[in-house]
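Novice: My questions will all concern the structure given below.
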């Protein structure tokens, strides 16, 4: 709902949600359909959906607002609308958290941040008719705003669905930080017994080239039919609409701003190739299998963890900033095999790593190279970091080490135990030591 | 040279550089050849080269030191030793700055951080006999310790060589931050008229699989024979020893910790494929050609620039840290198309971007996706960043935007002019606007 002030103004002008309007704001003139307020949008903005399919927020203060001819019905479905189940069909739960994929429903309802319901979904993707779909609305958020608190809510919601008779759970999510969320849920859902499949889209369904429908279709198929009881991230596997990859949730990263196949498995093979006709080809034979295990929820996270990327000329006092703010853990995304500025005393991070370690704060090392693994012994400078107390995180992604450290520190206050846990594989995030140089 | 204290102790024990020694330091016992002090190494460490080829620094304080049987002659060549030029052969200048590639010479002289001379080089790579080589020693540094001051020294040294009759200049460099250095020199050498080719190696020549020799050979060939008057970065193009790629210095990044083909061109084609037999196949037709232009040196850099990587849960006060320290420019490595935390007021970077912009501090946006381009208009949240004053840096790499902002701010104190310069292509770092979604 818009603020009282905006509502009053709209009433005064006789404008309703769904009306075609012209808005003059800060020198710009826009025409489009007046949309409902965005879930977490600027309270002073009104949202207008342009003819090119984009919805934009326009500052309401001092804006000129005019009603035009035309009205479009904006549908709102109840978040938990339950489609009638058909006996014999497998059930898949879908939890919606927002992002571009949620604007898929834009196509049918006109609402960019609206929840989409099971009936919308089945309507848009007729192939989903072979499943019973339980659709839950959790958030209508863009993923750049997600934080630990949202991962906890997601983990709870997924956990709840895992307890039903659903074959698996699909989570729709903005793509920007989806790989952080899959890592978080990988650590939070212990003894996972069914597939949990995150998916999203790079282009909303307003565009002919949208990847939403195929990703959704492949995700539901993978959740229902595969025996991979892990948190995975499923997106296009190529820039064509031919197949998707399911990546392990702790071994994947967004590596392109806009391509449909933006996500790549890092230091691991994708789990499987999934075709829009529902066919699944396993690629990675090393995965946790579907079972009758009892899944448990472990959603504790220590939020005072920092991720620092090193670069030539970086100010080493950034370390003091975090220590001063009583951060409990630090991940350093170093260069190459895990290097940090070392030899020039004034700029060296070595004394800072020592200081943090002495204070019981684990300092974990990853590489900004993304691919490959860090190693503490190849060069003398790496050995110095190690001797200062740094934990070299093998082939773990920086993003995953960051999330894992939040998880680990919520479970252990002891430095040595925390260090040990960081180097123990929990959810496929750490491959066994392989030679640094293949 | 070691410190006076260490020198005295060595003298007392009758130990000379090159002697085989046993060192007991902090519970560890090492045997190997005593090496000369590392250029920028810990002043309290002695350097011992182990039988596996690695040289390690061992703390001298309280160390037990013992002379063993055996001595190996450690050669030191003068840094500017000039090989006699042979008339008719093309000349290539080589400037050594350190890194793993410098340990190539290890093989002949035993010194890990020693300079290598032209004669060493020609001895190790007989195919280089077709060139006159001028070899200069600049630094013996690992690249994780390089900073703006080193880029300036490098630019000066290269500029000097460009003024000679050399066909081109090769710079050998540690790989970790080589792409920062190539970006820096791309901006600092104006109207470049000859090839400037950076190369390094991922494995020292102690290893059978070393890439040093082939990279060096291809780099000298490319510097001499190609007509690409740009700063390029040349490394293995595949994990076999079949060819190298020369990448544009502003469009390349290290993307693997240890593979020989760790560097990849990003958002651009490699410039050329270079074979060890000297053959060059151009790939990219869009490059600056060799000419009779007068090159000039423009080595001013504003060092108070920060690079901030965003992540879910980041502390937005990191911005205040840099503003408080009077930083002059900030690059934000955002998510996806350039997103930063936006919607939740408490964590939003939007007010910080506004504040910095008001204070005349440019805030530049890149993407941690690495591949692709940022864009200010696709989503409402991006538009908010743009309206707050952020400069969206198109398809520029974060590392390059960081170096470019240092360059730009040294030339313009005016915010609008600096913003404009950031969005003007100077050295191939910014491709013209292409559609965000191909």
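Chains as they are written, first to last, in this note's numbering: chain C, 1 to 438; chain G, 1001 to 1438.
Even for Gly, the Cβ is constructed at its ideal location relative to N, Cα and C.
1) Would you identify the three-state DSSP class for residue 1411 of chain G, choosing helix, strand or coil?
2) May I have the straight-line CA-CA distance separating residue 1326 of chain G from residue 1304 of chain G, to the nearest angstrom?
3) Does the beta carbon of residue 1159 of chain G come closer than 9 angstroms to any beta carbon on chain C?
4) Excluding five sequence neighbours on each side, which residues of the same chain lie with their C-beta closer than 7 angstroms to the C-beta of residue 1365 of chain G?
5) Mind checking if residue 70 of chain C is an interface residue toward chain G, Cβ cutoff 9 angstroms exclusive?
6) Cβ closer than 7 angstroms: which chain C residues qualify as neighbours of residue 1430 of chain G?
7) What separation, rounded to the nearest whole angstrom, lies between the Cα atoms of residue 175 of chain C and residue 268 of chain C?
8) In terms of DSSP beta bridges, what is residue 256 of chain C paired with?
9) Identify, in the order they occur along the chain, each residue of the same chain with its Cβ nearer than 6 angstroms to the Cβ of residue 192 of chain C, setting aside the five sequence neighbours on each side.
10) Assign residue 964 of chain G to one of three DSSP states: helix, strand, or coil.
11) Just to confirm, is the Cβ distance from residue 1059 of chain G to residue 1020 of chain G under 9 angstroms?
12) Assuming residue 223 of chain C contacts residue 158 of chain C (C-beta within less than 8 angstroms), just tell me the rounded distance between them.
13) My output table needs one value for residue 1154 of chain G: the three-state DSSP class, helix, strand or coil.
14) Near residue 1388 of chain G, what residues of its chain come up, given a Cβ to Cβ distance below 7 angstroms and the 5 sequence neighbours on each side ignored?
15) Would residue 150 of chain C be called buried (16 or more neighbouring beta carbons within 10 Å of its own) or exposed?
16) So residue 56 of chain C contacts chain G; which residues on that side make the cut at Cβ distance below 8 angstroms?
17) Would you say residue 141 of chain C reaches chain G, if we count a Cβ-Cβ gap shorter than 9 angstroms as a contact?
18) Closest to residue 146 of chain C by CA distance: which of C:231, C:163, C:136, C:180 is it?
19) Using only the alpha-carbon positions, how far apart do residue 321 of chain C and residue 1317 of chain G sit?
20) Taking 9 angstroms as the CB-CB cut-off, is residue 1364 of chain G touching chain C?
21) Cβ of residue 373 of chain C less than 9 angstroms from any chain G Cβ?
22) Could you tell me whether any Cβ in chain G is nearer than 9 angstroms to the Cβ of residue 213 of chain C?
23) Tell me whether residue 383 of chain C sits in a helix, a strand or coil according to DSSP, three-state version.
24) Over the uninterrupted alpha helix (DSSP H) stretch that includes residue 393 of chain C, give me the two end residues.
25) Spell out whether any CB of chain G is found under 9 angstroms from the CB atom of residue 257 of chain C.
26) So residue 1155 of chain G and residue 1188 of chain G are in contact, right, with Cβ under 8 angstroms, and what is the actual spacing, rounded?
27) In its own chain, which residues sit with a C-beta less than 6 angstroms from the C-beta of residue 66 of chain C, not counting the 5 before and 5 after it?
28) So is residue 1164 of chain G buried or exposed if we call it buried at 16+ other beta carbons inside 10 Å?
29) List the residues of chain G whose Cβ lies closer than 9 angstroms to the Cβ of residue 8 of chain C, in chain order.
30) What residues from chain G crowd round residue 145 of chain C, counting only those whose CB sits closer than 9 angstroms?
31) Taking 9 angstroms as the CB-CB limit, is residue 1393 of chain G close to chain C?
32) What residues of chain C sit near residue 1148 of chain G, judged by a beta carbon separation below 9 angstroms?
33) Find the residues of chain A that neighbour residue 1175 of chain G, judging by a C-beta separation of less than 7 angstroms, and give them in chain order.
34) Give the DSSP bridge partners of residue 1067 of chain G, in chain order.
35) Which runs of the beta strand (DSSP E) at least 3 residues long sit entirely within the stretch 1155 to 1192 of chain G? Give them in chain order.
36) Does the beta-carbon distance from residue 1250 of chain G to residue 1216 of chain G come in below 9 angstroms?
Specialist: Let's see:
1) coil
2) 8 angstroms
3) Answer no: the Cβ-Cβ gap between residue 1159 of chain G and chain C never drops below 9 angstroms.
4) 1332, 1334, 1338, 1374, 1385, 1390, 1391, 1392, 1393
5) It does not: the Cβ of residue 70 of chain C has no partner Cβ on chain G nearer than 9 angstroms.
6) Identification of chain C residues near residue 1430 of chain G by a Cβ-Cβ cut-off of 7 angstroms yields none; the smallest Cβ-Cβ distance measures about 15 angstroms.
7) Whole-angstrom Cα-Cα distance: 20 angstroms.
8) Beta-bridge annotation (DSSP): residue 256 of chain C is paired with G:1371.
9) 229, 295
10) Since the displayed chain G opens at 1001 and closes at 1438, residue 964 of chain G lies outside it and no answer follows.
11) For the 9 angstroms CB-CB criterion, residue 1059 of chain G and residue 1020 of chain G do not form a contact.
12) That pair is no contact at about 11 angstroms.
13) Helix at residue 1154 of chain G.
14) 1350, 1353, 1354, 1357
15) buried
16) 1380, 1383
17) Closer than 9 angstroms: yes.
18) C:180
19) 9 angstroms
20) no
21) yes
22) no
23) helix
24) No alpha helix (DSSP H) contains residue 393 of chain C, which DSSP labels as neither H nor E.
25) Residue 257 of chain C belongs to the set of residues whose beta carbon lies under 9 angstroms from a beta carbon in chain G.
26) Sure, about 4 angstroms apart at Cβ, within 8 angstroms.
27) 22
28) Around the C-beta of residue 1164 of chain G, fewer than 16 other C-beta atoms lie within 10 Å, and the residue is accordingly described as exposed.
29) Residues of chain G passing the Cβ test: none, with the nearest at roughly 23 angstroms.
30) 1312, 1339, 1341, 1342, 1343, 1344, 1347, 1348, 1381
31) No, residue 1393 of chain G does not count as interfacial toward chain C.
32) 312, 313
33) In the structure shown, chain A cannot be found, because the protein chains are C and G.
34) G:1021
35) 1168 to 1172
36) no
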